[in-house]
Amino acid sequence: MGSQLLSTIEHRKVLPESYIRPESDRPRLAEVTTDSNVPLIDLASPDKHRVIAEIGLSCRTYGFFQVINHGIEEELLEKMMAVGLQFFRLPPEEKEKLYSDEPSKKIRLSTSFNVRKETVHNWRDYLRLHCHPLEEFLPEWPSNPESFKEIVSQYCREVRQLGLRLLGMISLSLGLEEDYIEKALGEQEQHMAVNYYPQCPEPDLTYGLPKHTDPNALTILLQDPNVAGLQVLKDGDHWIAVNPRPNALIVNLGDQLQALSNGAYKSVWHRAVVNAARERMSVASFLCPCNSAVISPAAGLVGDGDDTPVYRSYTYDEYYKKFWSRNLDQEHCLELFRS
Ligand code: OGA
Ligand code: NI
């Protein structure tokens, strides 16, 4: 039923009713500010101790940071964006073939967030791909546009390397062994969402993605370099816009790192808003624990004194099913796993 895709419809002058949020749940864009202190970390800095300290501080206070000099070539970032956009510009018949609203499907084109569960829709289409091990999934990926597989697989490989490197630094920043998190998460899966937010007639009334936290371990987001849209919740009470910065990637912690760090690091609330003048793209890469990994607070972080485990142990499989059984804009899914 591809007819629900926004990207197959030419023009809309008013927002269809099913996308309109109730008054109390609108983005209130006029109140969003731009924070000039959004953490920016230069991964090529020679002072490794300082980089790790900065990562630790960002994870504790913001729950996200931006990285530059991350090792992924500018040209590859541009190609990834371009081929994503080409994909969404394919004729409706082409896209129809990939459409599904079944969350467990490993390769699917869909719309909004979870059309089977939600009451109000979101102004987004997305292509969701499993990406690891690549050889297993690549044959099923779209072969149109022609260069899609080649570009996206290269991007996935490089993002994975970066993600694992970041997990090492995050481990160190918590005072754990460098390979602690990577080992605790098992052979990690990697998923990708290529998000397409069409131009929207009434951006004050809806979301591209409403407030949510990511259920996985670590997310690396490539933003449209020309159109802002990502906003994160700061100090639990105000939204800040994370405006695009050339060649930077945004790294946000997911729920599993909040659990592993026993709540010390924040899986940040974030959302995507839409734009009346322009379409917007983003590419989110999610590193996920392997399904059988048992997630619990790192042994070195709980024990004496007040540091009792905040969350009970669970398998990622259990967590992920719970996450997708709900709508997005509810309480933090981790709240359901408190010990
Ligand atoms: C996501 C996400 C933000 C964006 O895909 O989980 O939060 O700016 N995307 O598209
Ligand atoms: Ni997200």
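So for the sequence shown, my numbering puts the first residue at 1323; every next one is plus one. Just so it is clear, CB atoms sit at the ideal spot from N, CA and C, and this is done for glycine as well. Every value quoted in this text rests on a predicted model; they were computed, and no experiment measured them.
Residue range 1396-1410 is occupied by the alpha helix (DSSP H) that includes Q1408. When DSSP states are grouped into helix, strand and coil, D1347 belongs to the helix group.
Buried is the label assigned to R1593, since at least 16 other Cβ atoms lie within 10 Å of its Cβ. Contact annotation: the stretch 1572-1585 does not touch the stretch 1419-1438, with fewer than three C-beta pairs closer than 8 Å.
The continuous alpha helix (DSSP H) containing L1484 extends over residues 1470-1495. In the pairwise beta carbon analysis, the stretch 1555-1575 is classified as touching the stretch 1356-1374: at least three pairs are separated by under 8 Å. Around the Cβ of G1576, a 10 Å sphere holds 16 or more other Cβ atoms; the residue is buried. Within the stretch 1569-1637, complete alpha helix (DSSP H) segments of at least 4 residues are found at 1577-1582, given in chain order. Counting C-beta atoms within 10 angstroms of its own C-beta, A1606 has 16 or more neighbours from the protein chains shown and is therefore classed as buried. Ordered along the chain, residues surrounding the ligand OGA are A1515, N1517, L1552, A1594, S1604, A1606 [Cβ under 5 Å from any heavy atom].
The closest heavy atom of the ligand NI lies less than 7 Å from the beta carbon of T1541.
P1525 has its alpha-carbon roughly 17 Å from the corresponding atom of S1604. Not one heavy atom of the ligand NI sits closer than 7 Å to the Cβ of H1513.
Taking the C-beta atoms as reference points, Y1638 is found nearer than 8 Å to C1612. Annotation for A1375: S1495 place their beta carbon closer than 8 Å to its own, counting only its chain and skipping 5 residues before and after.
Excluding residues up to 5 positions away in sequence, I1374, I1377 lie with their Cβ nearer than 6 Å to the Cβ of M1491 in the same chain. Relative to the non-hydrogen atoms of the ligand NI, the Cβ of H1560 never comes closer than 7 Å to any of them.
The stretch 1337-1346 makes contact with the stretch 1524-1540: 3 or more CB pairs, one atom from each, lie closer than 8 Å. A residue is called buried once 16 or more other Cβ atoms fall within 10 Å of its Cβ, and P1520 is buried on that count. In the structure shown, the three-state DSSP call for S1380 is helix. The criterion of a C-beta distance shorter than 8 Å is satisfied by G1508 and S1614. In the structure shown, Q1326 adopts helical secondary structure according to DSSP, grouped into three states. Residue side-chain check: D1577 keeps its Cβ at 7 Å or more from all non-hydrogen atoms of the ligand NI. Taking C-beta atoms as the reference points, Q1388 and L1571 count as a pair closer than 8 Å.
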